[in-house]
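As you go down the protein sequences, you meet chains P and D in turn.
Numbering of the first sequence is given in UniProt numbering, commencing with residue 1 and proceeding in unit increments.
Numbering of the second sequence is given in UniProt numbering, commencing with residue 1 and proceeding in unit increments.
Working notes for the structure below.
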Amino acid sequence: CNCCCPGVCVLYFARSAELTGLKEEQLVAVPTELSSRDLWGLLLQRHPRLSLLQDHVVLAIRQQFVAIGDQLVSLGDGDEVAVVPPLSGG
Amino acid sequence: MSEDVSCLKAQLEEKEREIAALKNKLSLLEKSQTLVLDLHDKVTPLTPLRAKHALSNEDIMRYSRQLLLPDLGVRGQLNLSKTSVLIVGCGGLGCPLAQYLAAAGIGRLGLLDYDEVELSNLHRQVLHGEENQGQAKALSAANAVRRLNSTVECVPYHLQLSPENALQLIQQYDIVADCSDNVPTRYLVSDACVLSGKPLVSASALRMDGQLTVYNYRGGPCYRCLYPAPPPPETVTNCSDGGVLGVVPGIMGCFQALEVIKIASGQGSSFGQQLLMFDAQDARFRSIKLRPRQAGCAVCGEEPSVTQLVDYEAFCGSAATDKCQRLHLLSRDQRITAQDYKSILDDAGPHLLLDVRPLVEVDICHLPFSLNIPLSSLEERKSEHLQLLRERVGQLKRQMAGGGRPPVYVICKQGNDSQKAVQLLEKMSGSELDHVTVKDISGGLMAWARTVDPTFPQY
Ligand SMILES: [Zn+2]
């Protein structure tokens, strides 16, 4: 991530970048432990248009796939979250 | 006397050179005729690929620069020559993939595509040329590959991959590459690869983004493990609507070639449990570690519910094509044809023509008297755009001496977004906006170009 301030860096790829109008953003004051569903909910709160991707998006934390569900994830300063919707064109 | 002799000798030499040139031309022509490719319109059994036991001198010369790599070597080269690869889609991904696989000396290439070459393909589908327009893409690609390496066996398939033919076809190949352009085909190819136990090297590209994963490979996930349910069709953007920079699928197709070569030669792929993302705008690559095969997966799990191929168009709610699919959101009296609109123009009836395409498309071409407000601005109720619309409707109302609702005609490229805009404007009419009569121009600007003004550009 190119941002250098404290907090969690969220990267938006493909359609998610179009829907949020952002390629990356810094999230501060994110709980250090939360469920992956709550993390997704937090992103939805900031960008309601992301709900179009609901159930069809890959979420990754520190470049590891995370299923959106009850699973607890820990987040700290400098951690990277990626939002990756599938592409089907060719 | 001696002058005559040398003159005759020179003439004779000249004739001999001509004869040699003619012989050469003849042999090339005879060779190319025996190489005429047979375009397959159905799946038929192929003869097994003959295993090469040693490299010929010509092979050694041709592949010398890659034989020098310890990672490949003679053994890897022989493995390549024993491998057959099915390429599903000969477009922006399939072209560079086929090109590099043929150049590297793959044994057999199945080239599948149902489309014909069009002018708008050439910026990214780099195996096809201007002279191939109208030709089956599979054949055009096979001929191009042949010119590059005639020792590679090419099987062009001009057919639509379907639940009826996919298994029979895929079973005949060692590795499958998904270079398709639509969601139903992606699920079909993945399921067929799981059911026949083949690794699937899959890539995709749109606009300035690319992705790559190798599915169903060494305990890694399949496409359904990652995406159990298909996205709603209206949220899917394809290349003909969203656009794509040609070099982006070019890069991803080259990546596919790399992974196919690594699997075929015996080195193994690095993307079995990885999703590679490429952002061409920032030249940024990211690789996400995926979970292994999911026990609960509908097709590759412990208790699969999908044990044979299903109807993927029904499953995804969309057709297996990237061509624009016509929406039917409106009743007949909410729509007019492009010719009807031409008569309204000719009669000089007061009205507003609203073009709801994104600005980037309006820059390509537009009707000079139209007002542009993109559909997305209407959906988001952008205040400056709504204000502009209110003003124009107000002006129109003042122009119309006899009163009545001002007519608004909505146009876009092909007539889908304009229907959505009509629905939206009807909701806004009388509340957020003065009362208006809204109609859709059926088929959009492309219908205008086809039926009213042939000089209007099509894209
Ligand atoms: Zn699976």
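Beta carbons are placed, not taken as given, at the ideal position from N, Cα and C, and that holds for glycine.
Predicted, not measured: the structure shown is a model, and the values here were computed from it.
C-beta atoms of residue i and residue j nearer than 8 Å
i	j	result
residue 373/D	residue 439/D	no
residue 322/D	residue 21/P	no
residue 133/D	residue 111/D	no
residue 99/D	residue 116/D	no
residue 436/D	residue 410/D	no
residue 87/P	residue 204/D	yes
residue 83/P	residue 13/P	yes
residue 384/D	residue 424/D	no
residue 209/D	residue 279/D	yes
residue 49/D	residue 77/D	no
Which of helix, strand or coil DSSP assigns to residue i
i	result
residue 201/D	strand
residue 372/D	strand
residue 47/D	coil
residue 339/D	helix
residue 466/D	Residue 466/D falls outside the range modelled here, since chain D spans only 1 to 459, and no answer is possible.
residue 77/D	helix
residue 82/P	strand
residue 70/P	coil
residue 222/D	coil
residue 291/D	coil
residue 20/P	helix
residue 439/D	strand
residue 409/D	strand
residue 213/D	strand
residue 90/D	coil
residue 136/D	strand
residue 393/D	helix
residue 37/D	coil
residue 355/D	strand
residue 99/D	helix
residue 252/D	helix
residue 367/D	coil
residue 428/D	helix
residue 61/D	helix
residue 110/D	strand
Whole-Å CB distance - residue i paired with residue j, under 8 Å assumed
i	j	result
residue 9/P	residue 24/P	6 Å
residue 246/D	residue 129/D	With a Cβ gap of about 15 Å, residue 246/D and residue 129/D do not count as contacting.
residue 179/D	residue 87/D	6 Å
residue 52/P	residue 11/P	Not a contact, Cβ separation roughly 18 Å.
residue 155/D	residue 145/D	Not a contact, Cβ separation roughly 11 Å.
residue 202/D	residue 185/D	The pair is not a contact, with the Cβ atoms about 11 Å apart (cut-off 8 Å).
Any chain P beta carbon closer than 8 Å to residue i
i	result
residue 57/D	no
residue 29/D	no
residue 211/D	yes
residue 249/D	yes
residue 446/D	no
residue 179/D	yes
residue 239/D	yes
residue 100/D	no
residue 382/D	no
residue 91/D	yes
residue 183/D	yes
residue 244/D	yes
residue 236/D	yes
residue 87/D	no
residue 287/D	yes
residue 454/D	no
residue 270/D	no
is_contact[residue i, chain D] using C-beta, thresh 8 Å
i	result
residue 79/P	no
residue 84/P	yes
residue 51/P	no
residue 63/P	yes
residue 21/P	no
residue 75/P	no
residue 89/P	yes
residue 37/P	no
residue 46/P	no
residue 60/P	yes
residue 14/P	yes
Short CB-CB distance (under 8 Å) between residue i and chain A
i	result
residue 56/P	Within the model displayed, chain A is absent; protein chains P and D are what it includes.
Are there three or more Cβ pairs, one per stretch, closer than 8 Å when the region 243-254 of chain D is compared with the region 182-198 of chain D?
-> no
Is the number of C-beta pairs between the region 273-280 of chain D and the region 349-357 of chain D that are closer than 8 Å three or more?
-> no
Would the region 171-182 of chain D and the region 254-265 of chain D be scored as touching if the rule is three or more Cβ pairs under 8 Å?
-> yes
Evaluate the contact criterion for the region 365-380 of chain D versus the region 305-325 of chain D: three or more CB pairs, one atom per stretch, below 8 Å.
-> no
Three or more C-beta pairs below 8 Å linking the region 288-301 of chain D and the region 63-70 of chain P | yes
Touching or not, the region 298-308 of chain D and the region 29-44 of chain P, by the rule of three or more beta carbon pairs under 8 Å?
-> Cβ pair count under 8 Å is below three, so no.
Cβ contact check for the region 159-168 of chain D and the region 40-59 of chain D: 3 or more pairs under 8 Å = Yes: the two stretches touch, three or more of their Cβ pairs being nearer than 8 Å.
If you pair each beta-carbon of the region 215-227 of chain D with each one of the region 53-71 of chain D, do three or more pairs fall below 8 Å?
-> no
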